[in-house]
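Structure first, commentary second.
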Amino acid sequence: MIKMISIFSLPEGTDPEGFWKYWNEVHVPDIKKLNGLKKYAIHRVKKKLAGDEKFWGLVETWWNSEEDMRKAFGTPEGQSAAGDFWPRVTGRSSVLVEENVIIAG
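Put into structure tokens, the structure is as follows:
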């Protein structure tokens, strides 16, 4: 299993509560429709502890394989969901990781 993690900031002037509402009420339902998605979590930063970046949110999606992820985002639904979300944010960084859980909670 692989996980994609994306972290991002909001553009100047974006209402954080309005974006949180959009994210939960519009974007989340679209992402949940993607075939092959095993787990999905969204996070908004509550307090910055270190670093210079002004990150506001983080997304985690779990897939059986990178191929499954690419197929899902290659569909019209996947392209629509990504095409609606990413232009609304700035400073995006995304990585694919292999998770090694040390302590399960």
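Mapping of the sequence shown onto the numbering used here: position 5 corresponds to residue -12, and the numbering continues sequentially without gaps.
Beta carbons: idealized from backbone N, C-alpha and C, even for Gly.
Model, not experiment: these values are computed from the prediction.
Exercise for the section: Give the straight-line distance between the Cα atoms of glutamate 81 and lysine -14, rounded to the nearest whole angstrom. Expected result: Within the sequence shown, the letter at position 98 stands for residue 81. Within the sequence shown, the letter at position 3 stands for residue -14. CA-to-CA, the gap between glutamate 81 and lysine -14 works out to about 6 Å.
For tryptophan 6 and isoleucine 25, which I take to be in contact (beta-carbon distance under 8 Å), what is that distance rounded to the nearest angstrom? Against the sequence shown, residue 6 aligns to sequence position 23. Against the sequence shown, residue 25 aligns to sequence position 42. 6 Å between Cβ atoms; contact.
| message | Can you tell me whether lysine 37 is helix, strand or coil according to DSSP? | response | If you number the sequence shown from 1, residue 37 lands on position 54. Note: lysine 37 maps to coil in three-state DSSP.
* Asked: Can you give the beta carbon distance from valine 42 to serine -8, rounded, assuming they're within the 8 Å contact cut?
  -> On the sequence shown, residue 42 is found 59 positions in, with the first residue counted as 1. On the sequence shown, residue -8 is found 9 positions in, with the first residue counted as 1. In this structure valine 42 is not in contact with serine -8, their Cβ atoms being roughly 13 Å apart against a cut-off of 8 Å.
Check: Skipping 5 residues on each side, what residues in its chain have a beta carbon closer than 7 Å to that of arginine 27?
Finding: In the sequence shown, the residue the question calls residue 27 occupies position 44. Cβ within range, chain order: Trp3, Trp39 and Gly40.
- Message: Excluding the 5 residues flanking aspartate 67 on each side, which residues of the same chain have their C-beta closer than 8 Å to its C-beta?
- Response: Counting from 1 along the sequence shown, the entry for residue 67 is found at position 84. The answer, listed in chain order, is Val9, His10 and Asp13.
Alanine 64 versus Lys16, Pro(-1), Tyr23 and Ile(-10), residue with shortest Cα-Cα distance: Numbered from its first residue, the sequence shown carries residue 64 at position 81. The shortest CA-to-CA distance from alanine 64 to any of Lys16, Pro(-1), Tyr23 and Ile(-10) is the one to Lys16.
Going by C-alpha to C-alpha distance, which of Met(-16), Ala87 and Glu(-5) sits closest to lysine 37? By one-based count along the sequence shown, residue 37 stands at place 54. For lysine 37, the nearest C-alpha among the options comes from Glu(-5).
Leaving out five residues before and five after isoleucine -10 in sequence, what residues of the same chain have Cβ atoms less than 6 Å from its Cβ?
Counting from 1 along the sequence shown, the entry for residue -10 is found at position 7. Once the five neighbours on either side are set aside, the close Cβ partners of isoleucine -10 are Phe38, Leu41 and Ser76.
Notebook entry, point to check: Straight-line CA distance for phenylalanine 56 to methionine -16?
Noted result: Taking the first residue of the sequence shown as 1, we reach residue 56 at position 73. Taking the first residue of the sequence shown as 1, we reach residue -16 at position 1. Between phenylalanine 56 and methionine -16, the C-alpha separation is close to 17 Å.
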